[in-house]
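**Q** Per this note's numbering, the sequence shown starts with residue 3, numbered consecutively.
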Amino acid sequence: MQDFSELDQGAFWRVLGSRAIGMTLVTAGRGENRAGLIALSAAHVSAAPPTLLVSVDQSTSALSVIRDTGAFAINFLASIDRPVHDRFHPRSGLKGADRFEGEYWGELKTGSPVLNDAIGAFDCELVEIIERDKVAICLGRAVAARAGDGDPLVYFKGGFGGWVASDN
């Protein structure tokens with residue numbers, strides 16, 4: 003155990019990495035104007051009306067596509083989707099529509115790309131963007147959804163893995 007009396011970025015990420023998190027891919031746009039990002043901060047706000055939020059770094063190119071289209075999709079990645087995650091990671095060097103190679107994509111209501119084998123996806127109309135520091139918090143009303151099968155792609159303490167339900 004380590005306590006941090008000063009919370010710099012390194013300490014912040016170390017503590018945050020102590021939380022196992024299902025990997026989430028946020029997508030927006032159509033055709034050559036598609037963009038996406040791996041989002042560590044995506045959460046539900048309310049079930050009635052169905053509202054979700056995602057935090058997007060203001061320097062991310064996907065933010066302008068979300069603003070322009072007024073929509074985005076939140077895709078929950080399956081354990082088999084690690085290659086998709088890697089295509090959308092900044093280290094891949096891929097940008098925009100180049101990240102969407104392959105026939106893995108469909109759409110629901112807004113036209114935002116939805117990963118066909120995601121274990122879950124919400125298609126959202128943009129309701130509001132709240133700008134704080136270097137982050138834009140995008141609030142979206144879910145207008146369609148898809149529930150899939152499979153196990154989640156989980157990130158914990160710098161590594162990827164799966165998840166097995168316990169028999170409680």
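By construction, the Cβ of each residue, glycine as well, lies at the ideal position given by its N, Cα and C atoms.
So, VAL28 versus ALA41, is the Cβ gap smaller than 9 Å?
**A** yes
**Q** With ASP70 as the anchor, note down where its alpha helix (DSSP H) starts and where it stops.
**A** 63 to 71
**Q** Quick check on DSSP: helix, strand or coil for ARG143?
**A** Strand at ARG143.
**Q** How would you write the range of the beta strand (DSSP E) that HIS46 sits in, first residue to last?
**A** 44 to 49 is the extent of the beta strand (DSSP E) around HIS46.
**Q** Could you please give the first and the last residue of the uninterrupted alpha helix (DSSP H) stretch that includes GLY160?
**A** Run containing GLY160: none; DSSP gives neither H nor E here.
**Q** Taking 9 Å as the cut-off, decide whether the C-beta atoms of THR26 and PHE78 are in contact.
**A** yes
**Q** Under a three-way DSSP split, which group does PHE6 fall into?
**A** Coil at PHE6, not helix or strand.
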